[in-house]
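Peer 1:
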Amino acid sequence: MITRLFAGLSARALLLLAALGVVLLAAPLFAGDYLLTVLILILYFAYTGQAWNIMMGFAGQLSLGHALYVGLGAYVAAFLFTRYGIAPWLGFLAAIPVAAACGAVIGFLAFRFGVSGVYFAILTIAFAEFARIGFDHLDLVNASAGLFLPVAQYAHNDLWRLRGNPAMFYYVILAATAVALVLSRLLLTSRIGYFWRAIREDEIAARAAGINTFRYKMYAVMISAAVTAFAGVFYAFFYNNLFPEQVFGISRSIEIILGPIIGGIGTLFGPILGAFVITGLAEALNAVMLHFGLDLPGAKQVFYGLCLLVVVLALPNGIWPSLESWLERRLRIAEKTQ
Amino acid sequence: MTALLSLQAVSKRFRGLLAVDRVSFDVSEGEIFAVIGPNGAGKTTLFNLIAGEMAPNGGSIAFAGSRIDGMTADAVCRRGVARTFQLVRPFPALSVEDNVTVGALLHRRYVAAARQHALTLLRRLDLFDKREQPASTLTLPDRKRLEVARALATGPRLLLLDEVMAGLRPTETDRMVATLQGLNRESGLTIVLIEHVMRAVMALASRVLVLDHGIAIAEGAPQVIVRDPAVVQSYLGQAHIEDGAA
Amino acid sequence: MSFDVYLNVAVAGVLTGLVYGLMALGLSVVFGVVRVVNFAHGEMMTIAMYLAVVLFAQFHLDPLLMLVPIAAVLFVAGYALQTGLINPFITRPEHSQFLLLVAIGLIIVNVLLILFGPDARSVQTSYAYDSFEVGPLIVDASKLYAGAAAIVLTAILFGFFRFTRTGTAIRACADNYTGAQIVGLNVKHLYALTFAIGAACVGAAGAIMTLIIDVTPMLGPSYTLLAFVIVVTGGLGSMPGALLGGVLIGLTEAFAGLLFTPSAKSMFAFGILVLVLLFRPQGLLGKRLT
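Quick note, the sequences are listed as chains A, B and C, same order.
The number in my numbering is simply the position in the first sequence, starting from 1, with 988 added.
The number in my numbering is simply the position in the second sequence, starting from 1, with 110 added.
The number in my numbering is simply the position in the third sequence, starting from 1, with 58 added.
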């Protein structure tokens, strides 16, 4: 399995990866609170982007309602914690079947009845909206008034209950992103990954090659949903408050897809690169606006829209593929000149 | 000995059009069987019915003794019937090797083993040198061979080839004919092919079925078929007889 | 509850539904002809609504009067959008087009947010609180005028597509793209024209809509979704279908608001969407998609 993980990567690429890893691991030592929060945000989007990528990039199913699974993960874990004191890690275990079941329902409805492409995307949006409105009226979790987690100043970090300082959360999301990366790589290079890619390329030809496309599309949706749910758990325990409008809203779903689209759908590093680029630029924009004393709510979203527009128009495959070939050329040149 | 593939009075109707009209024929294991006829005769529809792309309105299709009509395309493939498409359908962004590996993974658990098998097939079909290219960069003859390789990777007992020679130059046609003959001889692979290229039909087929307007108008050895007046009238034309068949 | 209440709710639902239908008509026409799924549809409507609000606030111009100019503005914008951004995308994979319009929608919503803020804006016409009484029926004047305007405009649109040369040409493009080209129709121009007409539709609907509801920037995405529900229910590419779908959804919302809570009314629309996608994906009046 270890060889499969790293197969195809040159020595230099591995070195770069290792260097990046070291930098990320050491970040809390150097970064101030603000920068750390930005990094957490970047990794959060890298994680959700990677989870979304499993469905879209690998299996070719466009979901514009992924906030549904984030929300489910968040609410299930938060509810169990506030009501019964159950730790978030167990809450995540409870959220997995919930998210996977929802994914299965959507998948079943869509795939059994031939709903695909744009119609499928609309169906996913509808489900997310349905959840948003539903939770807005669900008194069990305080409806639109919001669900709050008890925040207390802890002397030390409590990893089990996810209570602590930003550095702890940083390492949690960093580890999660690494796990998501490894999981994606393993899935891609396995039988299921090959079948997914075949389905993505040409579903009819895939069926003619003996692939049960319904089953594998279901797997993609359910796995993607379950993986995304963890982001919800993290969200709930990091921000300590949940509002259906915030968590299930369509803006959240769009934010999730920005990273992969900008970085490169279907690639391994695309979502992470995309998350870095888009969040980095957005924060830079924020800083610039603050500097000029501008306070425009919505400016960040306009920026996101413009980025999406530019990428769709100019770089439909995202940044990563072009960057990858550029890097390869540079590395080859470097090797030749040695 | 029961036939490997058996069609009994198979019919398919599209709204007002009867595309396939009570067609029956048997194919024995190890045979190479050709289906010919003018455009619109219902040949590809017939293939789609066998391969599970659509279900017949009447009649039955049996493979290795059990009914397969009405089964989905992927289920039929798992049973051992592989097909190629008239307009080739490679997986464009995947490499040649990955294309065939997908097929090989049907009956293999692990990617490594599937890849080994894929490489063997690529060597067999002269695509080994191009194995790392994306399928979208291949020329048409190569794509046809890729399609055949991918179909073979699924380990079929019966291979359905839909106009696999179309668009190939004579030398490439001969090459494909030789490959198919080789496969048939060595592994006893049963082949049913739709073809317009008579050169290939005469070289490969032991028996030919002629379709016209969805009806089977003749069936028999190629030399005989080619002289059948009904066949000549509907499809071949006088010139071909003078051309001299086999 | 008495029959009177149901009747009144039904009538209100139908009238509102007619405006919904006009809005969805734009989407249906664009999809039927240009095959573009306009995910910025609702957002375009909110632009029209804000235009109406501003014109009313500044110059006291009734939205119904401003219908034509507002529709004209959206017409031009639609034409420009199609020629400039969307036409090059016709040959791109489906999700590229979709994302392009998602991006445009996102930008529109947030620019409106920056310009107008999140608070609701409304148009208080002189007849805003009037109503007509016909037997047990009590109908809001605004709703009645809105419904009437919607019917008139829809009839004009139907007439355009049925009886004019350009309209027929557009329908030809929808039926057979290559055939239309061969016959010598300037398809690119006709596509742009169709998108412009769709935009004008949604512009008119927006102007009319200000009589019925208040506008906020977030209305855009909600109405895009609603338009899709209506169009899918009625049948993608079918104009009568869009109208029928609109009325159906208008009724559903009205009754959902009556029998449950008003804020949950969209959930029923989604329920209908799911049912339609499952059991009759071509919609009530649509043609089977290939």
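For each residue, glycine too, the CB sits at the ideal point set by N, CA and C.
Measure the C-alpha to C-alpha separation of A/A1196 and B/A223 and round it to an integer number of angstroms.
Peer 2: 21 Å
Peer 1: Just to confirm the assignment: which complete alpha helix (DSSP H) runs, minimum length 4, are found wholly within the segment 1252 to 1280 of chain A?
Peer 2: 1258 to 1279
Peer 1: Considering Cα atoms alone, identify which of A/S1310, A/F1231, A/A999, A/G1091 is closest to A/A1039.
Peer 2: That would be A/G1091, whose Cα lies nearest to the Cα of A/A1039.
Peer 1: Determine the contact status of C/F190 and C/L202, defining contact as a CB-CB distance below 8 Å.
Peer 2: yes
Peer 1: Could you check if C/Y108 is buried or exposed, using at least 16 other CB atoms within 10 Å of its CB as the buried criterion?
Peer 2: buried
Peer 1: Can we say the segment 91 to 104 of chain C touches the segment 152 to 166 of chain C, given the rule of at least three CB pairs closer than 8 Å?
Peer 2: In this structure the segment 91 to 104 of chain C touches the segment 152 to 166 of chain C; the number of beta carbon pairs closer than 8 Å is three or more.
Peer 1: Between A/E1316 and chain B, is there a C-beta pair that is closer than 8 Å?
Peer 2: no
Peer 1: Determine the direct distance from the alpha carbon of B/I301 to that of B/T194, and round the result to whole angstroms.
Peer 2: 11 Å
Peer 1: DSSP three-state label for B/E305, please.
Peer 2: coil
Peer 1: Quick test of your reading: C/A110 and C/V181, contact by CB under 8 Å. State the CB separation rounded to the nearest angstrom.
Peer 2: 6 Å
Peer 1: Under a Cβ-count criterion, where at least 16 other Cβ atoms within 10 Å of its own Cβ denotes burial, should A/S1212 be classed as buried or exposed?
Peer 2: buried
Peer 1: For chain A, check one thing: does any of its Cβ atoms lie closer than 8 Å to the Cβ of C/Q340?
Peer 2: no
Peer 1: Sorted by chain position, which residues of the same chain lie with C-beta nearer than 7 Å to A/P1016's C-beta, five sequence neighbours on each side aside?
Peer 2: L1024, A1155, Y1158
Peer 1: Can you find at least 3 beta carbon pairs, one from the segment 78 to 93 of chain C and one from the segment 273 to 291 of chain C, that sit closer than 8 Å?
Peer 2: In short, these stretches touch, since the Cβ pair count reaches three.
Peer 1: Where DSSP assigns a beta bridge to B/Q357, which residues make up the other side?
Peer 2: The first residue shown for chain B is 111 and the last is 356, placing residue 357 of chain B beyond what the model contains.
Peer 1: Distance, Cα to Cα, B/G126 vs B/R132?
Peer 2: A straight-line Cα-Cα distance of about 16 Å links B/G126 and B/R132.
Peer 1: Assuming C/S324 is part of the alpha helix (DSSP H), what are its boundary residues?
Peer 2: 323 to 337
Peer 1: Shorter than 8 Å from the beta carbon of C/T348 to some beta carbon of chain A?
Peer 2: Note that C/T348 has pLDDT 37, beneath the 50 cutoff, so the model's placement of it is unreliable and no number is given.
Peer 1: So, A/F1236 versus A/A1055, is the Cβ gap smaller than 8 Å?
Peer 2: yes
Peer 1: Could you check whether A/N1305 and A/G1252 sit closer than 8 Å to each other, using their CB atoms as the reference points?
Peer 2: yes
Peer 1: Can you give, in chain order, each stretch of the beta strand (DSSP E) that sits fully within the segment 1042 to 1067 of chain A and has at least 3 residues?
Peer 2: Whole beta strand (DSSP E) segments, 3+ residues: zero.
Peer 1: Between B/V191 and B/I142, is the Cβ-Cβ spacing less than 8 Å?
Peer 2: no
Peer 1: Whose CA, out of A/Y1022, A/V1093, A/V1026, lies closest to the CA of A/A1263?
Peer 2: A/V1026
Peer 1: Can you give, in chain order, each stretch of the beta strand (DSSP E) that sits fully within the segment 129 to 171 of chain C and has at least 3 residues?
Peer 2: Within the segment 129 to 171 of chain C, no complete beta strand (DSSP E) run reaches 3 residues.
Peer 1: I need the DSSP call for A/F1136, collapsed to helix, strand or coil.
Peer 2: strand
Peer 1: Could you round the C-beta distance between A/S1310 and A/L1303 to whole angstroms and report it? I think they count as a contact, below 8 Å.
Peer 2: 7 Å
Peer 1: Run through chain A and tell me which residues come within less than 7 Å of C/P358, C-beta to C-beta.
Peer 2: For residue 358 of chain C there is no data in the structure shown, the boundaries of chain C being 59 and 348.
Peer 1: Who are the neighbours of A/I1192 on chain B, taking C-beta pairs under 7 Å?
Peer 2: R199
Peer 1: The beta strand (DSSP E) that contains B/R193, what's its start and end?
Peer 2: 191 to 193
Peer 1: Kindly confirm or deny that the segment 172 to 187 of chain C and the segment 258 to 273 of chain C touch, where touching means at least three C-beta pairs closer than 8 Å.
Peer 2: yes
Peer 1: Does any residue of chain C have a CB that is nearer than 8 Å to the CB of A/Y1057?
Peer 2: Closer than 8 Å: no.
Peer 1: Could you give the first and the last residue of the continuous beta strand (DSSP E) run that contains C/E191?
Peer 2: 189 to 192
Peer 1: I believe A/A1164 touches A/F1218 by the beta-carbon criterion, under 8 Å. Please report the beta-carbon distance rounded to the nearest angstrom.
Peer 2: 6 Å between Cβ atoms; contact.
Peer 1: Whose CA, out of A/L1013, A/N1145, A/F1033, A/G1020, lies closest to the CA of A/G1220?
Peer 2: A/F1033
Peer 1: Taking the straight line between their C-alpha atoms, what separation do you get for A/R1166 and A/L1012?
Peer 2: The sequence shown places Ala at residue 1166 of chain A, not Arg. Going by the C-alpha atoms only, they are around 11 Å apart.
Peer 1: Is the CB-CB distance between A/F1046 and A/G1254 below 8 Å?
Peer 2: yes
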